[in-house]
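Student: Residue numbers (UniProt numbering): 1 to 358. Ideal Cβ positions, reconstructed from N, Cα and C, are used throughout, including at glycine. Since the structure is predicted, the reported quantities are computational estimates derived from the model, not experimental observations.
Structure (structure tokens):
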């Protein structure tokens with residue numbers, strides 16, 4: 001008996017903790033703290049559906065308890081048969097009409113918002129240079145973001161203006177992935193065979209958040225490093241966005257200063273340039289992440305702290321930190337040899353110097 005009670009106590013404790021912890025979440029990574037109109041609409045729809053389900057559960061439980069209490073044998077006796085309501089027209093109408101009404105209450109806003117979020121006509125208008133469109137390509141295990149109207153490309157960190165719709169064209173370069181920024185809205189699958197389209201709105205700048213960014217996730221199981229397939233979103237004012245675009249376009253003519261950085265650039269051109277680009281101007285290669293703003297990122301490979309020691313470790317053995325990724329070991333790109341400590345220091349210094357922010 002005591003063992004049974006202990007089990008129920010544990011179950012009750014787990015249930016209470018689940019309810020409490022379900023409300024926990026950071027503003028940069030929580031669908032329960034929406035920071036964009038799309039996220040707010042989806043959050044309100046979630047509250048509506050939860051409210052309807054809760055109402056149904058409460059009503060059913062009340063009726064169930066009342067029936068048990070009112071018609072228990074101890075109260076009405078052994079030989080009493082309650083009034084039979086089988087075939088009652090009134091009851092049939094009630095439990096048919098009420099569910100239909102509840103379904104309509106839920107279906108109307110759901111259908112409306114589905115079509116609203118799918119309205120991407122603005123991105124198809126020719127010469128719509130003022131429209132921010134981002135071509136998103138998901139790869140194992142990184143993200144490429146190309147801005148066709150601005151003729152720039154970046155990876156791992158998406159930069160967007162606040163106060164307007166940002167349109168997305170989503171596709172996958174290898175297997176199915178899913179693009180999701182929990183605090184802003186989404187999510188949408190990225191497929192190999194077709195392009196999905198939708199838009200998001202960013203109501204606030206991300207600079208005041210914990211790491212200065214919103215966190216995006218891959219929401220589709222895609223391989224051994226699926227959980228590590230993150231990306232960051234910087235939402236900035238329109239003025240800052242315009243400045244960022246100009247700086248990205250200028251990276252095509254960027255020069256390297258410092259002897260150690262110059263040495264690192266020479267090593268990079270001999271080994272890494274066949275896959276990685278260091279200019280944000282133009283279009284994406286789709287082979288490996290664009291490194292034009294590598295020095296401005298807050299993570300290495302999306303998951304490691306942004307410092308030279310982690311960068312060296314990543315270059316030496318990328319499979320250790322992201323199993324299944326397509327980045328080769330140094331021996332395959334450095335004439336069969338590992339990078340020396342001096343080469344790693346030079347290469348790290350060069351990559352960390354690739355910045356456009358002050």
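When the Cα atoms are used, what is the spatial distance from residue 175 to residue 155?
Tutor: So the two alpha carbons sit approximately 18 Å from each other.
Student: Identify which residue in 152, 335, 224 has its Cα closest to the Cα of residue 272.
Tutor: That would be 335, whose Cα lies nearest to the Cα of residue 272.
Student: Just grab the DSSP bridge partners of residue 299 for me.
Tutor: 305.
Student: From which residue to which residue does the beta strand (DSSP E) around residue 43 run?
Tutor: Looking at the DSSP string, residue 43 is not in any beta strand (DSSP E); the run it does join, the alpha helix (DSSP H), is 37-70.
Student: Could you check what DSSP says for residue 172 in three-state terms: helix, strand or coil?
Tutor: In the structure shown, residue 172 sits in a strand (DSSP, three-state: E or B).
Student: Could you tell me whether the segment 172-187 touches the segment 137-156, using the rule of 3 or more Cβ pairs below 8 Å?
Tutor: With the cut-off at 8 Å, the segment 172-187 and the segment 137-156 touch.
Student: Just the Cα atoms here: how many angstroms apart are residue 337 and residue 330?
Tutor: Spanning the two alpha carbons is a distance of roughly 7 Å.
Student: Of the choices 167, 59, 72, 356, whose alpha-carbon is the least far from that of residue 149?
Tutor: Of the candidates 167, 59, 72, 356, the one whose C-alpha sits nearest the C-alpha of residue 149 is 167.
Student: Taking its Cβ as the centre, do 16 or more other Cβ atoms sit within 10 Å of residue 216, making it buried, or is it exposed?
Tutor: By the 10 Å Cβ count, residue 216 comes out buried.
Student: Just the C-alpha distance for residue 52 and residue 32, rounded to the nearest angstrom, thanks.
Tutor: Approximately 18 Å between the Cα atoms of the pair.
Student: Between which two residues does the alpha helix (DSSP H) carrying residue 241 extend?
Tutor: Its alpha helix (DSSP H) spans residues 238-250.
Student: If I measure Cβ to Cβ from residue 41 and keep anything under 6 Å in the same chain, skipping five residues before and after, which residues do I get?
Tutor: The residues are 113.
Student: Does DSSP classify residue 154 as helix, strand or coil?
Tutor: Three-state DSSP puts residue 154 in a strand.
Student: I need the DSSP call for residue 138, collapsed to helix, strand or coil.
Tutor: Strand at residue 138.
Student: When you compare only the Cα positions, how much space is there between residue 71 and residue 61?
Tutor: Approximately 15 Å, taken between the alpha carbons.
Student: Which ranges does the alpha helix (DSSP H) cover as unbroken runs of at least 4 residues, wholly within the UniProt domain "Cytochrome c" (259-355), from first to last along the chain?
Tutor: Correct list: 259-271, 308-316, 318-321, 330-333, 341-352.
Student: Counting C-beta neighbours from all protein chains within 10 Å, is the total for residue 39 16 or more, i.e. buried, or is it exposed?
Tutor: It counts as buried.
Student: Taking only three categories from DSSP, how would you classify residue 213?
Tutor: Coil.
Student: To which residues of the same chain is residue 417 closer than 7 Å at the C-beta, ignoring the five residues directly before and after it?
Tutor: The question about residue 417 has no answer, for the chain in this structure spans 1 to 358.
Student: Anyone know if the C-beta pair for residue 408 and residue 160 falls short of 8 Å?
Tutor: Here the chain comprises residues numbered 1 to 358, so residue 408 is not present and cannot be evaluated.
Student: Excluding sequence positions up to five away, which residues of its chain have a Cβ less than 7 Å from the Cβ of residue 267?
Tutor: Closer than 7 Å at Cβ, skipping near neighbours: 343, 346, 347.
Student: Roughly how many angstroms lie between the CA atoms of residue 136 and residue 14, to the nearest whole one?
Tutor: Approximately 40 Å, taken between the alpha carbons.
Student: How many angstroms separate the CA atom of residue 145 from the CA atom of residue 274?
Tutor: So the two alpha carbons sit approximately 19 Å from each other.
Student: Alpha carbons only, please: which of 242, 249, 43, 134 is nearest the one belonging to residue 183?
Tutor: Here the closest residue by C-alpha is 43.
Student: Considering only DSSP beta bridges, list what residue 117 is partnered with.
Tutor: For residue 117, which the question treats as bridged, DSSP gives no partner whatsoever.
Student: List the DSSP bridge partners of residue 159.
Tutor: Residue 159 pairs with 234.
Student: Using the DSSP secondary-structure output, state which residues sit across from residue 167 in a beta bridge.
Tutor: Partner(s): 133, 199.
Student: Pick out whichever of 88, 195, 219, 229 has its Cα sitting closest to the Cα of residue 118.
Tutor: For residue 118, the nearest C-alpha among the options comes from 195.
Student: Any idea what DSSP makes of residue 146, helix, strand or coil?
Tutor: Note: residue 146 maps to strand in three-state DSSP.
Student: Would you kindly report the start and end of the unbroken beta strand (DSSP E) that includes residue 75?
Tutor: That residue, residue 75, is in no beta strand (DSSP E); its alpha helix (DSSP H) goes 73-76.
Student: Compute the Euclidean distance between the alpha carbons of residue 88 and residue 94, then round it to the nearest angstrom.
Tutor: Spanning the two alpha carbons is a distance of roughly 10 Å.
Student: Does DSSP put residue 181 in a helix, in a strand, or in coil?
Tutor: Residue state, collapsed to three classes: strand.
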